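2 protein chains.
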Amino acid sequence: MCDAPLSEAEATDLAAAMHALADPVRLRLLSHVAARPNGEACACELVDVVGRSQPTVSHHLKVLHGAGLLERERRGTWVWYRVAPTRLADLQNALAPPPPTTRETL
Amino acid sequence: MCDAPLSEAEATDLAAAMHALADPVRLRLLSHVAARPNGEACACELVDVVGRSQPTVSHHLKVLHGAGLLERERRGTWVWYRVAPTRLADLQNALAPPPPTTRETL
DNA sequence: ACACTATATTGATCGATGTCAATATCTTTC
DNA sequence: GAAAGATATTGACATCGATCAATATAGTGT
């Protein structure tokens, strides 16, 4: 966790990001996109992959995109999704333990 | 994210852990405990800190403890919470980007 | 313009959950 | 064991969210 207590605003933002990751279907969508060799996946394949209806998958992709976790690009009829490069790393950092100095120096 | 797509079971487990972190009050509780010099906090102080009723704070602490994020220790009348050492690091790893070899070698 | 396919939106339903008041349980102290 | 304080549980309520069927929108080709 962070070195200092989170403010209400910081906590609200982080919670919103975490909320996007707090669903099995969304995690599987994200991992499927990330696991593709070229790092991108078409929405159409994702519908088959997670075993949910097309509207439901569309909804989850919108949530992931809204949380900044997936990038969206339309190519003709199809929409391709890519894992946003920095967003996941940012969340990782937010979960990082406090620097050792915090406890040692007090 | 991980190198291979998550299975349904893996996704369900990860989602449950993320869910525990997907609430502003719980994040603030966790960060307050982590930010204490000795790494632990009494439940009584946490009630004041997050501005929620005592039952609500108790509920959130139970969720965090149930998710393995907080350790619980009773000392007399008071209950002290400590951030579980490995749990947060595990979640960090779960969010880690796939190893570079995954994309380069294909 | 029309048909066809892919994706998004709407509306409805049902279960999950954050919250608090009231109450219960646990622990120390007298 | 009674009293007091800390923590946990229960019950109720309101809101949120995952889901799907139905429909709408967007883009491609004829």
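Chains as they are written, first to last, in this note's numbering: chain A, 1 to 106; chain B, 107 to 212.
Even glycine gets a Cβ: it sits at the ideal position worked out from N, Cα and C.
Quick caveat: nothing in here was measured; it's all calculated off a predicted structure.
Query, Result
"Exposure of THR211(B), with buried meaning 16 or more beta-carbon neighbours within 10 Å", "Because the pLDDT of THR211(B) is 46, which lies under 50, any placement of that residue in the model is unreliable, and the question is left without a value."
"Reference VAL185(B), options GLY174(B), ASN199(B), LYS168(B), ARG134(B), closest by Cα", "LYS168(B)"
"Interface residues of chain A facing SER137(B) [CB-CB closer than 7 Å]", "MET1, CYS2, PRO5, LEU6"
"Residues of the segment 124-148 of chain B with Cβ closer than 7 Å to any Cβ of chain A, in chain order", "MET124, HIS125, LEU127, ALA128, ASP129, PRO130, LEU133, ARG134, LEU136, SER137, HIS138, ALA140, ALA141, PRO143, GLY145"
"Residues that LEU95(A) contacts on chain B, provided the C-beta gap is smaller than 9 Å", "LEU127, LEU194, ALA195, LEU197, GLN198, LEU201"
"Validate contact between the segment 13-33 of chain A and the segment 114-126 of chain B using beta carbons, cut 8 Å, 3 pairs", "yes"
"Distance CB(HIS65(A))-CB(ARG52(A)) smaller than 9 Å", "no"
"Endpoints, the beta strand (DSSP E) within which CYS44(A) is located", "Note, CYS44(A): premise wrong, no beta strand (DSSP E); alpha helix (DSSP H) at 43-50."
"Cβ-based contacts, 8 Å cut-off: residues of the segment 162-173 of chain B near chain A", "none"
"Proximal chain B residues relative to VAL83(A), where beta-carbon distance stays under 7 Å", "MET107"
"Proximity test, Cβ basis, 9 Å: VAL155(B) and chain A", "yes"
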